[in-house]
Amino acid sequence: MDIANPRLGQYCVRQYCFCVSVSRGITQVQVIAFILLALFYLLSTHFIRFIVKTYDWFKLAISQLVFQSLLAILAMSFVNVVVEILINVAFDTFNVERDFKVLVILANLFIAFLFYSIWFLLYFLFHFLDNYNNSLKYEAKINQIRLNHLKSQLNPHFIFNALNSVRALVDEDPDKAKSAITRISNILRFSLMMDRKQTIDFEDELNTVKDYLTLESIRFEERLQVDYQIEDEAYSYKIPPMMLQTIVENAIKHGISNLVKGGLIEIKCREGLEDDLYIQVRNSGHLQAPPSLKPKPSGGHGLSNTVQRLKLIYGDKASFRIFNSGNQFVITEIKIPKQRVTLD
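Quick note on numbering: the sequence shown equals residues 177 to 520 in the working numbering.
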């Protein structure tokens, strides 16, 4: 290959058809010219990156960012063409009549513009994806902190109510008190274990609820009736720990305990048509006004705690509602998706 041929030399150097040059033979001059051009592109992109970071372009509005990026691409494209000319002049491969035509310059401008445009696109795409990933991790950590805070509120609240259930039995019926203490020990063991998990097997949660209702049955005696209607499919699900117990406790506190003759607590669990678990707690009583499901300034527990935890773990895939069923019953219903969701 004759390097003195200016058109072929310009074609190989400017248009980067290095593979074509390899097939026909490469001179040392061409290799050096190619390396210099590659080095210029490397330095120029590092310079642009420095400008972008120094002047914090990522905080600009989209329209302004696009405008400044286009200006930078055009400026670097012009500089690139000048550098190409200087390299060809230095290696004596530049022909003014053939290579200084408008069409040739525009072709080189277009190639340089295309290169820098692709670089800008990849650079900003990587940056935004990286920031998005970091934002997701940060949000997950914040959600983790919030969930731990909610569970730390729930533990002493639940344990305190369980102890209240057996306090009166110590003097009246020591045997029942012993049985109740055994139930409390089971609940405490479960409470300590659940701190390490965001979701647990439905069966483990249900067993704890049964222990709790057994304690309450000792206290209320014949005033409390409990009915379980659990489908076999429910046992394949995982749910947030202490969630069902919180609903049952709310039914006892605001429903059964306010009725002279007591009443019924019915727990139904079934699988929906779209692999969702429906948990329904029906208790005797009447809902006078819709309860506030927003967190209280004092850090309230109960239903608001349950709603927050469902939102943090499942987002919009879970639902919660509480309503009257006639004049004698209140129904609390929760829908939970089957897939596991972790925030770690």
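For glycine and all other residues, C-beta sits at the position ideal for the given N, C-alpha and C. On a predicted model such as this, the values are computed, not experimentally measured, just so you know.
> Whole alpha helix (DSSP H) runs in the segment 366-433 with 4 or more residues, listed along the chain?
Replying inline: 378-396 and 419-430
> So, Arg497 versus Pro416, is the Cβ gap smaller than 7 Å?
Replying inline: Position 321 of the sequence shown holds residue 497. Position 240 of the sequence shown holds residue 416. Contact: no.
> Got a sec? Which residues, its chain only, sit under 7 Å from Ile281 by beta carbon, not counting five neighbours each side?
Replying inline: Taking the sequence shown and counting its residues from 1, one reaches residue 281 at position 105. Excluding sequence neighbours, Ile281 sits near Val257.
> According to the Cβ coordinates, are Asn459 and Val506 closer than 7 Å?
Replying inline: One-based indexing of the sequence shown puts residue 459 at position 283. One-based indexing of the sequence shown puts residue 506 at position 330. For Asn459 and Val506, yes; Cβs fall inside 7 Å.
> Quick one: what does DSSP say Gly491 is sitting in, helix, strand or coil?
Replying inline: Residue mapping note: residue 491 aligns to position 315 of the sequence shown, counting from 1. Reduced to three states, the DSSP call for Gly491 is helix.
> Could you give the residue range of the alpha helix (DSSP H) that holds Gln244?
Replying inline: Stepping through the sequence shown from its first residue, residue 244 is reached at position 68. Looking at the DSSP string, the run of the alpha helix (DSSP H) that includes Gln244 is Ile238 to Ala266.
> DSSP on Asp232, reduced to helix/strand/coil?
Replying inline: In the sequence shown, the residue the question calls residue 232 occupies position 56. Three-state DSSP puts Asp232 in coil, outside helix and strand.
> Do Ser293 and Met252 have their C-beta atoms closer together than 7 Å?
Replying inline: What you label residue 293 is simply residue 117 of the sequence shown in a count that begins at 1. What you label residue 252 is simply residue 76 of the sequence shown in a count that begins at 1. No, the Cβ-Cβ distance between Ser293 and Met252 is not below 7 Å.
> When the Cα atoms are used, what is the spatial distance from Val265 to Asp306?
Replying inline: Along the sequence shown, read from residue 1 onward, the residue named residue 265 stands at position 89. Along the sequence shown, read from residue 1 onward, the residue named residue 306 stands at position 130. Those two C-alpha atoms are separated by around 42 Å.
> Taking the alpha-carbon positions, what's the Gly448 to Ile489 distance?
Replying inline: Here residue 448 is taken as the residue at index 272 of the sequence shown, counted from 1. Here residue 489 is taken as the residue at index 313 of the sequence shown, counted from 1. The straight-line gap from Cα to Cα measures roughly 20 Å.
>> Quick check on DSSP: helix, strand or coil for Val442?
In response: Your numbering for residue 442 matches position 266 in the sequence shown. It is Glu, not Val, that sits at residue 442 in the sequence shown. It is a strand residue.
> Name the DSSP beta bridge partners of Arg219, please?
Replying inline: Walking along the sequence shown from the start, residue 219 turns up at place 43. Correcting the residue identity first, residue 219 is Leu in this sequence and not Arg. Answer is none; Leu219 lacks a bridge partner.
>> Quick check on this structure: which residue in Phe499, Ile512 and Ile249 has the alpha carbon closest to the alpha carbon of Lys493?
In response: On the sequence shown, position 317 is the one that residue 493 refers to. When only C-alpha atoms are compared, the closest one is Ile512.
> DSSP beta-bridge partners for Phe496?
Replying inline: As a position in the sequence shown, residue 496 is number 320, starting the count at 1. According to DSSP, which records beta bridges pairwise, Phe496 is partnered with Ile510.
> Using DSSP with H/G/I as helix, E/B as strand and the rest coil, what is Val457?
Replying inline: Against the sequence shown, residue 457 aligns to sequence position 281. Strand.
> With 16 as the cutoff for other CB atoms within 10 Å, does Tyr413 come out buried or exposed?
Replying inline: The residue labelled residue 413 in the question sits at position 237 within the sequence shown. Tyr413 comes out buried.
> Shortest alpha-carbon distance to Ile443 belongs to which of Ser480, Ile357, Asp452 and Glu509?
Replying inline: Here residue 443 corresponds to residue number 267 of the sequence shown, with the count starting at 1. Checked all of Ser480, Ile357, Asp452 and Glu509; the closest Cα to Ile443 is Glu509.
> Are the CB atoms of Asp377 and Arg359 nearer to each other than 7 Å?
Replying inline: The residue you call residue 377 lines up with position 201 of the sequence shown. The residue you call residue 359 lines up with position 183 of the sequence shown. Going by C-beta atoms, Asp377 is not nearer than 7 Å to Arg359.
> Per DSSP, Glu348 forms a beta bridge with which residues?
Replying inline: What you label residue 348 is simply residue 172 of the sequence shown in a count that begins at 1. Bridge partners of Glu348: none, in fact.
> By Cβ distance, which residues of its chain are closer than 7 Å to Ile363, with the 5 residues on each side in sequence left out?
Replying inline: In the sequence shown, counting from the first residue as 1, residue 363 sits at position 187. Answer for Ile363: Ala338, Thr384, Asp387 and Tyr388, listed in chain order.
> Out of curiosity, what's the CA-to-CA distance linking Ile394 and Lys373?
Replying inline: Here residue 394 is taken as the residue at index 218 of the sequence shown, counted from 1. Here residue 373 is taken as the residue at index 197 of the sequence shown, counted from 1. In a straight line, the C-alpha of Ile394 is about 30 Å away from that of Lys373.
> Cα-Cα, which of Leu391, Val424, Glu392 and Trp295 is closest to Leu218?
Replying inline: Locating residue 218 in the sequence shown gives position 42, counting from the first residue. That would be Trp295, whose Cα lies nearest to the Cα of Leu218.
> Lys514 and Leu420 look like a contact to me (Cβ under 8 Å); what is the Cβ gap, rounded to whole Å?
Replying inline: To locate residue 514, count along the sequence shown from 1; it is residue 338. To locate residue 420, count along the sequence shown from 1; it is residue 244. Their Cβ separation, rounded to whole angstroms, is 16 Å, which puts Lys514 and Leu420 out of contact at 8 Å.
> What's the gap between the Cα of Leu297 and the Cα of Glu425?
Replying inline: The residue you call residue 297 lines up with position 121 of the sequence shown. The residue you call residue 425 lines up with position 249 of the sequence shown. Taking the straight line from one Cα to the other gives about 56 Å.
> By how many angstroms is the C-alpha of Ala427 removed from the C-alpha of Asp451?
Replying inline: Here the question's residue 451 lines up with position 275 in the sequence shown. Here the question's residue 427 lines up with position 251 in the sequence shown. Roughly 27 Å separates the two Cα atoms.
>> I'd like to confirm the pairing. Which residues does DSSP put opposite Glu447 in its beta bridges?
In response: To locate residue 447, count along the sequence shown from 1; it is residue 271. Looking at the DSSP assignment, Glu447 forms a beta bridge with Leu453.
>> I need the straight-line Cα distance from Leu391 to Ile432, nearest angstrom please.
In response: Locating residue 391 in the sequence shown gives position 215, where the first residue counts as 1. Locating residue 432 in the sequence shown gives position 256, where the first residue counts as 1. Their Cα atoms are separated by approximately 14 Å.
>> Strictly by DSSP, which residues pair up with Phe505?
In response: Mapped onto the sequence shown, residue 505 falls at position 329. Paired residue(s): Ser460 and Ser501.
>> Could you compute how far the alpha carbon of Lys487 sits from the alpha carbon of Thr422?
In response: Working through the sequence shown from its first residue, we reach residue 487 at position 311. Working through the sequence shown from its first residue, we reach residue 422 at position 246. Whole-angstrom Cα-Cα distance: 16 Å.
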